Amino acid sequence: MKTRLLVISMMLVLGAALTGCATSGDLEKVQAQQNLINAKAEQALQDAQAAKAAADAAKVKADDATARADNAEKAAAEREKIAEEKAKRADAAFQKSMRK
Amino acid sequence: MCRIAKLPLLTNGLRFVALCTFIASLNGCAVMKNFQEPGHPESEIKRSTFPVAGGEDVVGRLAVIKLEEGDTLPDIARHFGLGVNAISAANPGVDVWVPEAGERITLPLSFILPDAPRKGIVINQATMRLFQFKGDSPSLVVSTYPVGVGTEERPTPMGQTRVARKAPRPTWHVPASIAEDHRKKGDILPAEVPPGPENPLGEYALYLSKTGYLIHGTNKPASIGLRATNGCMRLYPENISMLYKDTPVNTPVLIVNQPYLIGQRDGVLYLEAHTPFEGSGAGDLEKIDAKLRSIEKQSARTLDWKKVKEVQAEARGIPVPIFEMGQGYNEDVKPIKVEHPETLYGRPALPELKLEAWYVLAADVREEIDARRLAAIINHQGPPIPARVLSKNNGYRVVAGPFDGISAAKEAAKRLKIDLDIDGIVIEPVKQI
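Going line by line, the protein sequences match chains A and B. When the letters of the first sequence are read in order and numbered with my numbering, they come out as residues 1 to 100. When the letters of the second sequence are read in order and numbered with my numbering, they come out as residues 101 to 533.
Structure follows, in structure tokens:
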């Protein structure tokens, strides 16, 4: 009976020892995987931040371009208006000069 | 040896035949036909005299012309017997003085006759056109010329009158009111101006029975088609000479103001709209709409009122087909393409620059277009003052001249000041060593 108990105990100890070895290997593997994932996450985060920064910069540029285009349009309209007014004034002066 | 020498000739010949075939095949294409449609020589274009068929109210035909560098609308207008009002209205958005070369413009050479008896002379103030009827139906002929009419302050009187007398090379007896206007501007006029380039009556005058009013020529041809007179009606020099010859004393003259005209030709009803003078127009519009409603009722068909309103609002002075009245509808109403004449009749001449001459600096501007416009306006004064644009480092100068002496230059500077409010600077001749 004692012998049987001893054998069972030894087997349990051996099993436990063996189990302990397997857990430590797995842990290293998991840690390595975690590290990889972390690295990837870091990279992804950096990429996302970079993309956001680029998008923000592009938006700023686009807004700037829109503002410039608006200004250019306004300036062109203003120039056109001035040119039309000049032409009108010149025409009015001409018509006046045509009187007797 | 002989064969070798002839081979290139043969090849060139084949190439030539191939090219001709290619061009001939292109001619067959509708697109090319359209593109290559030749313009008519301007001599073929009817400008002023038209037969009037019984029951018809529309004469002439629209034309189009491609502008060339240096053209102005007043020059084109005069060459084709049009007023500056008519050519401007027909071509909205086109710069009168500096139009773009290559631009195609409409020559409004089609007219609806005024709603008046076809006898003697009828002047429609709103369209600024005179109609002279000759002969009787069925051989009735109308000659039509553009006119300049009275200003808003001194309008041309309306109604019936007649030619009381005629005079070639008339003397202008300056009315007190005009002398006073000039005096205010610092221009003292003599009591009378003899015939010559300074005389605003030009070479011929028809004195109307309505005292003080004349149909006459002008020394300011660019004013034809403007409201610029003191109530008289002025014509281009080339038109007044024809009218003078054709008009006996006692010819009836009827002056009307009809900005909206309707008339028919070849079974089609046309509407022609002009911008009415200030303070008028609403009544005329009501009258013409009532007429159109009556026509609509008689024909028992619906008029395209949207189109009618468009024509009235655009006021381009062109007869526009609005309604098919019956059989005989003529679809061939495309404007005639006119070749640009080599020279435009009456275009102000620009003498060559001379170092030993006097000049007047009229303006110093940044934009070329402003300089060109001003030079054109000065060139079209009456009598003309030659002016050109000279470019400089950072802008353009408008220089009037050449003048033979200091007095001519000073006189030009004075006219620029009085007529155009320009402070010109007299420039001495270049001293040659």
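C-beta atoms are modelled at their ideal positions from N, C-alpha and C, and glycine is treated no differently. Note that the structure is predicted; figures quoted are calculated from it, not measured.
Closer than 9 Å at the beta carbon, the chain B residues around residue i
i: Ala53/A; result: Within 9 Å Cβ-Cβ: nothing; Ala53/A doesn't reach chain B, min ~45 Å.
Neighbour list for residue i in chain A, Cβ cutoff strictly below 7 Å
i: Ala328/B; result: Gln95, Met98 and Arg99
i: Asp521/B; result: Ala93
i: Lys517/B; result: What Lys517/B touches in chain A: nothing, since even the nearest Cβ is about 11 Å away.
i: Lys320/B; result: Met98
i: Val278/B; result: Contrary to the premise, residue 278/B reads as Ile rather than Val in this sequence. The answer, in chain order, is Lys100.
i: Ser323/B; result: Met98
i: Gln481/B; result: Ser97
Coil, strand or helix - residue i by DSSP
i: Leu36/A; result: helix
i: Phe180/B; result: coil
i: Glu84/A; result: helix
i: Trp405/B; result: helix
i: Leu173/B; result: helix
i: Thr347/B; result: coil
i: Gly383/B; result: helix
i: Val534/B; result: Nothing can be reported for residue 534/B: it is not among the residues displayed for chain B, which extend from 101 to 533.
i: Lys397/B; result: helix
i: Ala487/B; result: strand
i: Phe377/B; result: coil
i: Met101/B; result: Only weak support is given to the placement of Met101/B: the predicted model assigns it a pLDDT of 36, under 50, and the question is left unresolved by the model.
i: Ala463/B; result: strand
i: Gly128/B; result: Low confidence applies to Gly128/B: its pLDDT is 45, below 50, so where it sits in the model is not reliable, and the reading given next is rough at best. Of the three classes helix, strand and coil, the one that applies to Gly128/B here is helix, per DSSP.
i: Gln260/B; result: strand
i: Lys492/B; result: strand
i: Met425/B; result: coil
i: Met333/B; result: strand
i: Gly248/B; result: strand
i: Pro321/B; result: helix
i: Leu207/B; result: strand
i: His480/B; result: coil
i: Ile525/B; result: strand
i: Thr311/B; result: coil
i: Ser200/B; result: The residue you asked about is not Ser; residue 200/B is Glu in the sequence shown. Three-state result, Glu200/B: coil.
i: Ala90/A; result: helix
i: Arg327/B; result: strand
i: Arg4/A; result: helix
i: Ser237/B; result: coil
i: Val60/A; result: helix
i: Ala415/B; result: coil
Beta-carbon separation (whole angstroms), residue i vs residue j, contact threshold 8 Å
i: Gly96/B; j: Thr227/B; result: Within the shown structure, residues of chain B are numbered from 101 to 533, placing residue 96/B beyond reach of any answer.
i: Trp534/B; j: Leu301/B; result: With chain B covering 101 to 533 only, the question about residue 534/B has no answer from this structure.
i: Pro486/B; j: Gly501/B; result: 6 Å
i: Ala513/B; j: Gly524/B; result: 4 Å
i: Ala556/B; j: Gly325/B; result: With chain B covering only 101 through 533, there is no way to say anything about residue 556/B.
i: Ile478/B; j: Ala462/B; result: 6 Å
i: Pro214/B; j: Asn224/B; result: 5 Å
i: Ile221/B; j: Thr347/B; result: 7 Å
i: Arg254/B; j: Asn357/B; result: Actually they are not in contact, since the Cβ atoms of Arg254/B and Asn357/B sit about 15 Å apart, beyond 8 Å.
Bridge-paired residues (DSSP) for residue i
i: Ile223/B; result: Leu230/B and Ile355/B
i: Pro435/B; result: Beta-bridge pairing links Pro435/B to no other residue.
i: Ala305/B; result: Ala267/B and His316/B
i: Arg218/B; result: Arg218/B pairs with nothing; no bridge assigned.
i: Thr445/B; result: For the sequence presented, residue 445/B should be read as Tyr rather than Thr. The partner list for Tyr445/B (beta bridge, DSSP) is empty, contrary to what the question assumes.
i: Leu371/B; result: Ile362/B and Val420/B
i: His140/B; result: Val438/B
i: Ser97/A; result: Answer is none; Ser97/A lacks a bridge partner.
i: Pro294/B; result: Pro294/B pairs with nothing; no bridge assigned.
i: Ile212/B; result: Val158/B
i: Thr149/B; result: Ser243/B
i: His273/B; result: Glu292/B
i: Arg473/B; result: In DSSP, Arg473/B forms no bridge with anything.
7 Å Cβ cut-off: residues of chain B touching residue i
i: Asp91/A; result: Val196
i: Lys86/A; result: Asp470
Amino acids of chain A, ordered along the chain, whose beta-carbon sits closer than 9 Å to that of residue i
i: Ile477/B; result: Ala90, Asp91, Ala93, Phe94 and Ser97
Heavy atom of the ligand SAH within 6 Å of residue i beta-carbon
i: Gln232/B; result: With respect to the ligand SAH, the structure shown offers nothing to examine, as it has no ligands at all.
Neighbour list for residue i in chain A, Cβ cutoff strictly below 8 Å
i: Leu474/B; result: Ala90
Against chain A: residues of the region 251-276 of chain B by CB proximity under 8 Å: Result list: Thr251.
Chain A contacts made by the region 288-320 of chain B, where a contact means CB separation under 7 Å: Those would be Pro300 and Lys320, in chain order.
Proximal residues, the region 225-252 of chain B versus chain A, C-beta separation under 9 Å: The region 225-252 of chain B vs chain A, Cβ under 9 Å: Gly248 and Thr251.
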